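Before any comments, here is the structure.
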Amino acid sequence: MTFKRTQTSSEKDAEKATSNYEKQADKKAWLAANRQNTFDAYQAYLNGNTLKRYAMVVKARLQKDEKAWQNACEQDTPEAYQAYLDGNTVKDYAVEAQTLLQSFAEPEDDDYLDGNISGLDAQSQFFPEQQDEQKDQTLKPADEAIKRLQILVEQQREEKAWQKACEQNTITSYQIYLKGQTFKQHAEVAIKRLESLLGQQQDEEAWQKTCEQNTIASYQTYLKGQTLKQNADVAQKRLQTLIKQQEDKEAWQKACEENTVQSYQVYLKGQTLKQHADEAINCLQNLLEQQQADEVIKQQQPLQRYTDNGDGSVTDNQTGLIWLKNVNGFGSQDWETAMECARNLAHGQCGLSDGSKAGDWRLPTKDEWEAMVGTERDGDVFSGVQSSWYWSSTSYKENTSLAWSMYLDTGRLYSYGKKFMYGVWAVRGGLL
Numbered sequence: 008m009t010f011k012r013t014q015t016s017s018e019k020d021a022e023k024a025t026s027n028y029e030k031q032a033d034k035k036a037w038l039a040a041n042r043q044n045t046f047d048a049y050q051a052y053l054n055g056n057t058l059k060r061y062a063m064v065v066k067a068r069l070q071k072d073e074k075a076w077q078n079a080c081e082q083d084t085p086e087a088y089q090a091y092l093d094g095n096t097v098k099d100y101a102v103e104a105q106t107l108l109q110s111f112a113e114p115e116d117d118d119y120l121d122g123n124i125s126g127l128d129a130q131s132q133f134f135p136e137q138q139d140e141q142k143d144q145t146l147k148p149a150d151e152a153i154k155r156l157q158i159l160v161e162q163q164r165e166e167k168a169w170q171k172a173c174e175q176n177t178i179t180s181y182q183i184y185l186k187g188q189t190f191k192q193h194a195e196v197a198i199k200r201l202e203s204l205l206g207q208q209q210d211e212e213a214w215q216k217t218c219e220q221n222t223i224a225s226y227q228t229y230l231k232g233q234t235l236k237q238n239a240d241v242a243q244k245r246l247q248t249l250i251k252q253q254e255d256k257e258a259w260q261k262a263c264e265e266n267t268v269q270s271y272q273v274y275l276k277g278q279t280l281k282q283h284a285d286e287a288i289n290c291l292q293n294l295l296e297q298q299q300a301d302e303v304i305k306q307q308q309p310l311q312r313y314t315d316n317g318d319g320s321v322t323d324n325q326t327g328l329i330w331l332k333n334v335n336g337f338g339s340q341d342w343e344t345a346m347e348c349a350r351n352l353a354h355g356q357c358g359l360s361d362g363s364k365a366g367d368w369r370l371p372t373k374d375e376w377e378a379m380v381g382t383e384r385d386g387d388v389f390s391g392v393q394s395s396w397y398w399s400s401t402s403y404k405e406n407t408s409l410a411w412s413m414y415l416d417t418g419r420l421y422s423y424g425k426k427f428m429y430g431v432w433a434v435r436g437g438l439l
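So the working numbering is basically just the index in the sequence shown, starting at one, shifted up by 7.
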């Protein structure tokens with residue numbers, strides 16, 4: 008018998024009210040993020056504790072912004088970056104876009120140096136051609152000055168570009184530095200930092216995907232992956248929790264499927280989380296109470312239900328059926344043989360002296376077994392009763408290759424193939 012708890016109307020109302028409250032809270036959080044329309048606002052919405060019913064919309068907007076930024080970077084023009092800033096996306100890369108716009112409009116600091124270089128070049132045009140020796144002697148220091156000045160200008164540009172990259176410290180800033188026209192004296196460091204940031208980004212994306220799925224498989228995949236695993240400790244803890252929850256769920260399902268006193272006791276004594284302990288205790292108590300009630304009913308049954316006829320047969324005073332006293336007179340047989348043994352049973356066999364003839368006896372029906380079980384030991388009138396299987400004459404309707412059999416140890420009927428070897432306990436009299 009399975010006992011299931013039914014929700015009361017007040018519990019259903021409370022559950023409905025809770026659901027409506029959660030939906031309203033989620034809508035409020037979404038409207039707030041939508042008004043701000045920024046990357047941080049949408050990220051806060053995704054990381055919040057609401058229902059996240061608008062998560063797909065948020066992801067679509069973030070993807071749209073990412074695509075717009077990639078398009079601007081591919082064009083790499085002031086117009087492209089300005090178009091990105093003027094667009095209607097969340098502008099997660101606004102700082103990078105503004106920085107790049109400034110870089111297109113900035114060589115103001117270099118104008119003086121560039122002017123000096125141009126001035127030196129112009130001075131070299133005033134030397135008369137006829138004074139070659141004097142010209143050569145004058146040009147040498149001028150050329151050296153120009154070269155040194157050019158080097159200083161390039162170094163200044165290099166340091167300025169590197170300083171900007173370091174201040175922003177983003178994937179985009181280091182990519183811009185490495186693609187630039189400067190000396191790239193810090194290229195090795197830039198590459199290392201870029202690889203580090205890309206690794207962090209890859210790990211963060213993998214971790215976010217893992218958390219969204221929140222399954223045993225997702226955390227196992229994250230821990231076995233090739234990312235930095237910055238969240239390995241948290242992933243391991245969550246994985247262990249999910250595994251324990253799964254073990255407890257399986258243990259509880261097994262207990263419910265068996266639905267016996269022993270199965271619930273095993274669950275309560277096990278090493279799982281026991282999240283269903285209260286339910287297990289309730290089911291266990293109900294089964295124990297049912298067992299006690301069945302025992303009381305059994306004890307209240309009349310002691311003299313059966314009468315030993317003294318001729319190898321026993322009369323059931325409740326049903327009027329006459330049973331063979333020698334329960335194991337034929338041993339174990341298949342169903343067809345058992346049917347034949349019962350039909351051929353007569354006076355002089357299995358201790359009978361009742362004058363019966365072949366055809367009087369038969370196997371009991373399924374219904375006769377149900378009326379008999381639990382009382383077969385009453386008064387010790389039967390001999391050789393065993394806690395074993397015994398055939399009935401009733402075939403299984405859905406599959407006639409099966410027949411019903413009684414297992415006396417549990418008092419339950421089961422359908423099994425007719426080739427199985429079970430006991431033969433004959434009966435005679437009118438069918439119930």
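Where is the CB? At the ideal position from N, CA and C, for every residue including glycine.
Keep in mind it's a predicted model, so treat the numbers as computed, not measured.
Q) Roughly how many angstroms lie between the CA atoms of Gln252 and Thr279, to the nearest whole one? A) 8 Å
Q: Excluding the 5 residues preceding and the 5 following Cys357 in the sequence, name in chain order all residues of the same chain whose CB lies nearer than 7 Å to its CB.
A: Gly319, Leu331, Asn333, Gly336
(Q) If the criterion is Cβ atoms closer than 8 Å, does the pair Leu420 and Glu375 meet it? (A) no
Q.
Give me, in chain order, the residues of the same chain whose beta-carbon lies closer than 7 Å to that of Trp76; leave out the 5 immediate sequence neighbours on both sides.
A. Tyr91, Tyr100
Q. In terms of DSSP beta bridges, what is Trp396 paired with?
A. Tyr414
(Q) Please list the terminal residues of the continuous alpha helix (DSSP H) segment that includes Val64. (A) 62–82
Q.
DSSP has Ile329 in a bridge; who is on the other side?
A. Thr322, Arg435
Q) Got a sec? Which residues, its chain only, sit under 7 Å from Leu205 by beta carbon, not counting five neighbours each side? A) Ile178
Q. Sorted by chain position, which residues of the same chain lie with C-beta nearer than 6 Å to Thr189's C-beta, five sequence neighbours on each side aside?
A. Arg164, Glu165, Ala168
Q: Determine the direct distance from the alpha carbon of Tyr403 to that of Gln297, and round the result to whole angstroms.
A: 29 Å
Q) By Cβ distance, which residues of its chain are closer than 7 Å to Gly424, with the 5 residues on each side in sequence left out? A) Ser408, Leu409
Q: Give the range of the beta strand (DSSP E) segment to which Asp315 is assigned.
A: 313–315
Q.
Could you give the first and the last residue of the continuous alpha helix (DSSP H) run that contains Tyr181?
A. 178–186
Q | Helix, strand or coil at Leu352 according to DSSP, with G and I counted as helix | A | coil
Q: Go ahead and pull the three-state DSSP assignment for Gly430.
A: strand
Q. Does the beta-carbon of Asp96 have 16 or more other beta-carbons within 10 angstroms, so that it is buried, or is it exposed?
A. Before going further, note that residue 96 is Thr rather than Asp in the sequence given. By the neighbour-count rule (16 or more Cβ atoms within 10 Å), Thr96 is buried.
Q.
Here's the rule I'm using: 16 or more other beta-carbon atoms within 10 Å means buried, otherwise exposed. How should Thr417 be labelled?
A. exposed
Q | Within 8 Å, strictly: CB atoms of Tyr274 and Ala300 | A | no
Q) How many Å lie between Thr248 and Gly232 at the Cα? A) 20 Å
Q: Identify every residue that forms a DSSP beta bridge with Leu3.
A: Lying before the first or after the last residue shown, residue 3 is absent from the chain, which here runs from 8 to 439.
Q.
Can you tell me whether Gln137 is helix, strand or coil according to DSSP?
A. Because the pLDDT of Gln137 is 44, which lies under 50, any placement of that residue in the model is unreliable, and the number read from its coordinates should be weighed accordingly. Of the three classes helix, strand and coil, the one that applies to Gln137 here is coil, per DSSP.
Q) Does the Cβ-Cβ distance between Asp210 and Lys244 come in under 8 Å? A) no
(Q) Measuring alpha carbon to alpha carbon, tell me which residue in Lys66, Gln175, Ala365 is nearest Leu53. (A) Lys66
Q) Per DSSP, what kind of secondary structure is Tyr403 in: helix, strand or coil? A) coil
Q.
On the DSSP bridge list, what partners appear for Ser422?
A. Trp411
Q: Determine the closest residue to Ala353 out of Glu151, Trp368, Met346, with distance taken between C-alpha atoms.
A: Trp368
Q: With a 10 Å radius around its C-beta and 16 neighbouring C-beta atoms as the bar for buried, classify Val102 as buried or exposed.
A: exposed
Q. By the 10 Å Cβ neighbour count, where 16 or more other Cβ atoms means buried, how is Gly430 classified, buried or exposed?
A. buried
**Q.** Buried or exposed (CB count within 10 angstroms, at least 16 for buried), Met379
**A.** buried
Q: Would you check if the distance between the CB atom of Met346 and the CB atom of Ser400 is smaller than 8 Å?
A: yes
Q) Counting Cβ pairs, one atom from each stretch, are 3 or more of them under 8 Å apart for the region 284–296 and the region 261–274? A) yes
Q.
Let me check understanding here. Comparing Cα to Cα, which of Val388, Val160, Gly366 lies closest to Leu312?
A. In the sequence as displayed, the identity of residue 312 is Arg instead of Leu. Nearest C-alpha to Arg312: Val388.
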